[in-house]
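Numbering (my numbering), first residue to last: 4 to 478.
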């Protein structure tokens, strides 16, 4: 074997790699100029040189150098945020971006991106306007609120409400509602950050109206109710309804703020899906202020929507933090388009993907799954079958609620163990995310839409028929 010095000298120079046909083609396909390509190649060769010095690699050919540089160029130019086919059955999958937008919302974002807009400009008067006004009217019309505003997510809405309305004052909340949601977001932590003082009442499983009333002092600024949107407490329990708490707040002159979390505008209860109160329910019960997410059960973009009494919303709008937490034109465009669909509930059901997926029946899902199986079953050496299973809403919504669904199951096969199928689907283009259960790879067709089928069929055929070594190729 040659010496380390000889192996290091055998590595091609940067200018030589730049003339490699595969590297030239990669730069052309991915739009990378010579200066940026040079930097990538320099780093790649340096890493390969270090691999030789450390003994991690014993030999590296010129072809392997070119392959490594092409892979590095691809990694630089390839988009990190990619469309994914969701075969998990979780409608609001937080890791997959939660709500899929309606076509109308996506088009509104495109228009806002391609043109100047009247984001903060009053066309009628020709003077400076407020971005809050763009969606405030629709939110108020749909919810019955006196006023409304939007910030970048519901955690921001909670922070703004507590900071603007209760900094340095007491906020009373039930111990059973001191929740933690994804990303270690805890109500006590956000309250401390806001400058409000937490006053806990009741116990984990039982809180009575008298507990709130006994805790009220001259320092009380808010009565806070946090909807348990991502878990349930069952058994020996007692809690105070929004209407009861609102009545207490009105008697004592203290606003009641309810963090609804998921935020339902379309009542799912008549369809047998959960028992989530709507935003309208809370405001009609007398709650002074509510906040909720835009990208959960509403089916819109990430946003935190605040709605309620005009005087409270005005205080929130005037607070300096409101500017730091405000939404951009893309969010407002998508949210407005989504809210407009709610003006006709039947249209909302048909056009908003989140509602359409939640309300899909097992027979509708099965029909879509059968079309897929008819296209791909002959390519898989094992059994491909349909069976009944259960989906979830996800995203911290509808806790404990399961939705009957139909999944396609790839049965065990020596050449295709479930974990290998899962990985190959996930690493493809487009990536397909499913789940493994009982040594079978499952695709839940509740969250696989009609428009996903052509790409899914093509990806499945490619995966099952191409060489199993899955060796990366040049562009």
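In this text, a Cβ means the ideal position worked out from N, Cα and C, and glycines have one as well.
Predicted, not measured: the structure shown is a model, and the values here were computed from it.
For residue i, three-class secondary structure by DSSP
i	result
residue 406	strand
residue 41	helix
residue 99	helix
residue 177	strand
residue 27	helix
residue 440	strand
residue 248	helix
residue 2	What is shown of the chain runs 4 to 478, which leaves residue 2 out entirely.
residue 293	strand
residue 470	Because the pLDDT of residue 470 is 42, which lies under 50, any placement of that residue in the model is unreliable, and the number read from its coordinates should be weighed accordingly. Residue 470 falls in the coil class under three-state DSSP.
residue 303	coil
residue 87	coil
residue 341	helix
residue 207	coil
residue 364	coil
residue 355	coil
residue 139	helix
residue 320	helix
residue 435	strand
residue 105	coil
residue 10	helix
residue 172	coil
residue 285	helix
residue 3	In the structure as shown, the chain starts at 4 and stops at 478, and residue 3 therefore has no counterpart that could be examined.
residue 308	strand
Counted within 10 angstroms of its Cβ, other Cβ atoms place residue i as buried (16 or more) or exposed
i	result
residue 27	exposed
residue 190	buried
residue 463	buried
residue 119	exposed
residue 468	exposed
residue 386	exposed
residue 83	exposed
residue 121	exposed
residue 98	exposed
residue 220	exposed
residue 241	exposed
residue 335	buried
residue 46	exposed
Residue i beta carbon near the ligand MG (any heavy atom closer than 7 Å)
i	result
residue 265	Inclusion of the ligand MG in the displayed structure is not the case, the ligand content being empty and no account of it being possible.
Own chain partners of residue i with C-beta closer than 6 Å, once the 5 adjacent residues on each side are dropped
i	result
residue 439	421 and 425
residue 156	305 and 307
Contacts around residue i, its chain only, beta-carbon distance under 8 Å, and the 5 residues preceding and following it disregarded
i	result
residue 477	Its pLDDT being 35, under 50, residue 477 is placed unreliably in this model, and the value from its coordinates should be taken loosely. Excluding positions up to five away in sequence, the list reads 25, 28, 29, 70 and 73.
residue 404	276, 277, 395 and 396
residue 317	150
residue 170	197, 198 and 199
residue 443	412, 413, 414, 415 and 421
residue 212	243, 247, 248 and 251
residue 228	176, 177, 180, 243, 245, 248, 259, 260, 261, 262 and 290
residue 460	375, 378 and 379
Given residue i as reference, the closest of the options once Cα atoms are compared
i	options	result
residue 270	262, 282 and 261	282
residue 20	44, 218, 32 and 209	44
residue 448	88, 358, 178 and 57	88
residue 346	417, 268 and 81	268
residue 86	454, 459, 433 and 446	433
residue 261	272, 274, 243 and 273	243
residue 204	195, 226, 222 and 221	226
residue 159	305, 459 and 211	305
residue 194	210, 176, 209 and 32	176
residue 201	146, 222 and 5	222
residue 274	5, 363 and 330	363
residue 247	216, 334 and 272	216
residue 7	34, 17, 58 and 33	58
residue 230	266, 218 and 250	266
residue 530	279, 33, 93 and 166	Because the chain here runs from 4 to 478, residue 530 falls outside it and cannot be looked at.
residue 35	435, 322, 80 and 50	80
Residues near residue i in its chain [Cβ-Cβ closer than 7 Å; skip 5 each side]
i	result
residue 369	389 and 409
residue 315	168, 258, 291 and 292
residue 62	10
residue 65	15
residue 351	269, 344, 345 and 358
Cutoff 8 Å: residue i Cβ touching any chain D Cβ
i	result
residue 354	Absent from the structure: chain D. Only one protein chain is present.
Report task. Kindly confirm or deny that the region 146-165 and the region 302-314 touch, where touching means at least three C-beta pairs closer than 8 Å. Result -> yes
Report task. Evaluate contact between the region 117-133 and the region 284-293, counting only Cβ atoms and requiring at least three cross-stretch pairs below 8 Å. Result -> no
Query raised in the report: Using 8 Å as the Cβ pair cut-off and three pairs as the minimum, do the region 379-398 and the region 130-140 touch?
Result: no
Query raised in the report: Does the region 338-348 come close enough to the region 93-110 that 3 or more CB-CB pairs lie under 8 Å?
Result: yes
Report task. Check whether the region 368-383 touches the region 255-265, counting contact only when three or more Cβ pairs, one atom from each stretch, lie closer than 8 Å. Result -> no
Query raised in the report: Should the region 358-369 be regarded as contacting the region 108-115, the criterion being three or more beta carbon pairs within less than 8 Å?
Result: no
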